[in-house]
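See below for the structure under consideration.
Protein chains: 2
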Amino acid sequence: KYSQMPRSVGGLNAAGEWYVLRSMIPGLKDKKVLDLGCGFGWHCRYAREQGAQFVVGVDISARMLERARATTHDTAIEYRQQAIEDIDFADGSFDVVISSLALHYVAAYEVVCRKVFRCLAAGGTFVLSVEHPVFTALAAQDWYYDEQGQRLHWPVDNYQQETLRQTRFLDTDVVKYHRTVATLLNTLMDAGFRITTIAEPQPTAEVIAAYPEMKDETRRPIFLLVAAVKPV
Amino acid sequence: KYSQMPRSVGGLNAAGEWYVLRSMIPGLKDKKVLDLGCGFGWHCRYAREQGAQFVVGVDISARMLERARATTHDTAIEYRQQAIEDIDFADGSFDVVISSLALHYVAAYEVVCRKVFRCLAAGGTFVLSVEHPVFTALAAQDWYYDEQGQRLHWPVDNYQQETLRQTRFLDTDVVKYHRTVATLLNTLMDAGFRITTIAEPQPTAEVIAAYPEMKDETRRPIFLLVAAVKPV
Chain H
585 KYSQMPRSVG
595 GLNAAGEWYV
605 LRSMIPGLKD
615 KKVLDLGCGF
625 GWHCRYAREQ
635 GAQFVVGVDI
645 SARMLERARA
655 TTHDTAIEYR
665 QQAIEDIDFA
675 DGSFDVVISS
685 LALHYVAAYE
695 VVCRKVFRCL
705 AAGGTFVLSV
715 EHPVFTALAA
725 QDWYYDEQGQ
735 RLHWPVDNYQ
745 QETLRQTRFL
755 DTDVVKYHRT
765 VATLLNTLMD
775 AGFRITTIAE
785 PQPTAEVIAA
795 YPEMKDETRR
805 PIFLLVAAVK
815 PV
Chain P
585 KYSQMPRSVG
595 GLNAAGEWYV
605 LRSMIPGLKD
615 KKVLDLGCGF
625 GWHCRYAREQ
635 GAQFVVGVDI
645 SARMLERARA
655 TTHDTAIEYR
665 QQAIEDIDFA
675 DGSFDVVISS
685 LALHYVAAYE
695 VVCRKVFRCL
705 AAGGTFVLSV
715 EHPVFTALAA
725 QDWYYDEQGQ
735 RLHWPVDNYQ
745 QETLRQTRFL
755 DTDVVKYHRT
765 VATLLNTLMD
775 AGFRITTIAE
785 PQPTAEVIAA
795 YPEMKDETRR
805 PIFLLVAAVK
815 PV
């Protein structure tokens with residue numbers, strides 16, 4: 585099912601938030617890039633198109649990496665099957681670390697923030713997106729509907745309970761980790777990062793025209809994007 | 585009615601978020617302090633109790649300032665009747681600027697951030713709290729109830745519409761300005777601030793025991809608190 589989502593078929597431009605995430609990624613020319621939760625490898629290939637020196641993509645899913653490798657013809661991209669929290673790169677190995685919509689699946693967010701900080705060079709940037717805490721608070725992760733099936737509003741509850749959420753994603757049971765906005769940002773700062781930009785993107789008119797199901801994304805924040813820098 | 589709220593009668597300790605806001609305020613000994621939206625003057629008097637050199641409290645409400653003055657016997661606290669966005673202090677006049685639950689009433693948030701940045705000395709801190717964007721998104725600003733009158737969840741809608749909200753507060757019509765988390769934080773950073781701490785406090789067990797109506801404050805974020813520093 586994941587393979588049939590707009591972003592899996594249409595790539596980055598079919599992801600409603602991509603135009604914002606892209607604007608938060610610094611220039612990649614000659615940079616060493618790490619992509620945590622690389623999936624099908626879209627961001628890895630993008631980084632190379634932008635002139636990155638080399639890219640490492642990490643993902644725990646052998647199946648996703650299989651497709652990533654099948655659609656990548658580039659020896660400067662290396663895919664590694666590994667849990668994000670298990671990364672163990674030498675200090676200062678990368679200039680830019682990207683993680684798109686992966687960290688809400690990871691229990692050890694604090695560990696990841698500290699490891700990313702360590703493996704970035706001074707002045708390097710960490711750009712991440714996660715499902716928004718407003719989106720993950722209730723395990724149901726669905727709109728609240730009236731009797732006619734119209735979307736009434738987005739329901740929030742249990743916001744302060746920073747525990748796992750047993751939820752459904754595309755007909756599959758998945759476990760996600762709900763964290764508050766405060767925890768997501770403070771953990772980065774506690775790891776040593778200086779936050780430089782926050783975004784809660786809404787899809788552009790063009791994306792809504794192409795994918796009408798996205799029109800309600802102006803009603804709730806669905807993703808939280810953060811750019812953070814390792815101070816020089 | 586505002587005079588009858590727990591925080592108006594019991595002071596700072598009756599405000600569920602005070603224990604967090606207090607922890608975000610730096611040491612005030614010998615500091616020059618500005619309080620934007622000072623109301624009855626609780627934070628001004630607190631600052632002096634902590635040894636502040638002098639305190640200026642700004643509020644647009646003549647009635648609140650009247651009561652602030654009546655309960656303040658301290659020549660080192662000056663109250664000024666002024667709209668927050670109209671402040672015009674000399675550059676670097678203050679070491680700490682506090683604003684508690686006032687800025688969601690102010691249209692010119694960006695102007696305020698820039699003015700606060702200017703009137704702070706280098707290394708100075710701005711500590712602010714506002715109603716949380718999750719709280720202000722829907723103009724009704726109320727829980728969603730079932731037919732038995734039980735609180736089902738907190739409804740969110742219109743999140744991306746950063747416009748004013750005509751709402752009710754203690755039986756009075758008030759106008760508030762809804763801003764997203766991203767706007768609240770990015771505007772501070774664009775003004776030059778480095779964000780150091782974010783908080784979305786929940787009341788302590790003690791506060792809930794004393795004020796049982798606060799028990800549902802674990803279900804939604806009601807306030808957003810930010811500490812930000814003017815870099816040296």
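Residue numbers (the working numbering), protein chains in the order written: chain H, 585 to 816; chain P, 585 to 816. In this text, a Cβ means the ideal position worked out from N, Cα and C, and glycines have one as well.
Beta-carbon of residue i versus every beta-carbon of chain P: anything under 9 Å?
i, result
"H/A723", "no"
"H/P796", "no"
"H/D726", "no"
"H/E601", "no"
"H/R803", "yes"
"H/R702", "no"
"H/T720", "no"
"H/I779", "yes"
"H/I609", "no"
"H/W620", "Checking the sequence shown, residue 620 of chain H turns out to be Leu, not Trp. Taking Cβ atoms only, chain P never reaches closer than 9 Å to H/L620, which makes this a no."
"H/A706", "no"
"H/I661", "no"
"H/Q734", "no"
"H/A789", "no"
"H/L808", "yes"
DSSP three-state label for residue i, please.
i, result
"P/S677", "coil"
"P/A692", "coil"
"H/A686", "coil"
"H/H737", "strand"
"P/A721", "coil"
"P/K615", "coil"
"H/Y630", "helix"
"H/Q588", "helix"
"P/Y795", "coil"
"H/F807", "strand"
"P/K814", "coil"
"H/T756", "strand"
"P/S713", "strand"
"P/A667", "coil"
"P/Y761", "strand"
"H/G708", "strand"
Does the separation of the CB atoms of residue i and residue j fall below 9 Å?
i, j, result
"P/S683", "P/V640", "no"
"P/Y761", "P/A686", "no"
"P/H716", "P/Y728", "no"
"H/A652", "H/C622", "yes"
"H/L704", "H/K615", "no"
"H/R647", "H/D675", "no"
"H/T613", "H/G594", "Note that residue 613 of chain H is Lys in the sequence shown here, rather than Thr. Their beta carbons are not under 9 Å apart, which means H/K613 does not touch H/G594 by this criterion."
"P/Y743", "P/T771", "no"
"P/V740", "H/V816", "no"
"H/E601", "H/I806", "yes"
"H/T747", "H/A724", "no"
"H/V695", "H/E669", "yes"
"H/L605", "H/P785", "yes"
Quick check: the Cα distance between residue i and residue j, rounded to an integer number of angstroms?
i, j, result
"H/I671", "H/R632", "21 Å"
"H/F583", "H/S607", "In the structure displayed, chain H extends from 585 to 816; residue 583 of chain H sits before or after that span and is not available."
"P/T790", "P/R804", "The sequence shown places Glu at residue 790 of chain P, rather than the Thr named in the question. Roughly 19 Å between the two C-alpha positions."
"H/F753", "H/V714", "15 Å"
"H/E801", "H/Q734", "15 Å"
"H/M773", "H/Y693", "13 Å"
"H/H794", "H/C628", "Before going further, note that residue 794 of chain H is Ala rather than His in the sequence given. Rounded to the nearest angstrom, the two C-alpha atoms are 25 Å apart."
"H/L649", "H/Q665", "7 Å"
"H/L768", "P/E731", "36 Å"
"H/L809", "P/V680", "30 Å"
"P/Y603", "H/W626", "45 Å"
"H/I609", "H/Y630", "11 Å"
"P/I782", "H/V700", "21 Å"
"H/H657", "H/T720", "36 Å"
"P/V642", "P/A654", "15 Å"
"H/G611", "H/R591", "23 Å"
"H/L620", "H/V758", "19 Å"
"P/P637", "P/T659", "Reading the sequence as shown, one finds Gln at residue 637 of chain P and not Pro. So the two alpha carbons sit approximately 11 Å from each other."
"P/A775", "P/G708", "14 Å"
"P/V617", "P/Q745", "34 Å"
"P/P796", "P/D726", "17 Å"
Could you check if residue i belongs to the surroundings of the ligand COA, using beta carbon to heavy atom distance under 8 Å?
i, result
"P/C697", "Among the components modelled here there is no ligand, and therefore nothing to report on the ligand COA."
Quick one: does residue i have its CB under 9 Å from some CB of chain H?
i, result
"P/A654", "no"
"P/M773", "yes"
"P/H737", "yes"
"P/N742", "yes"
"P/T764", "yes"
"P/I668", "no"
"P/L605", "no"
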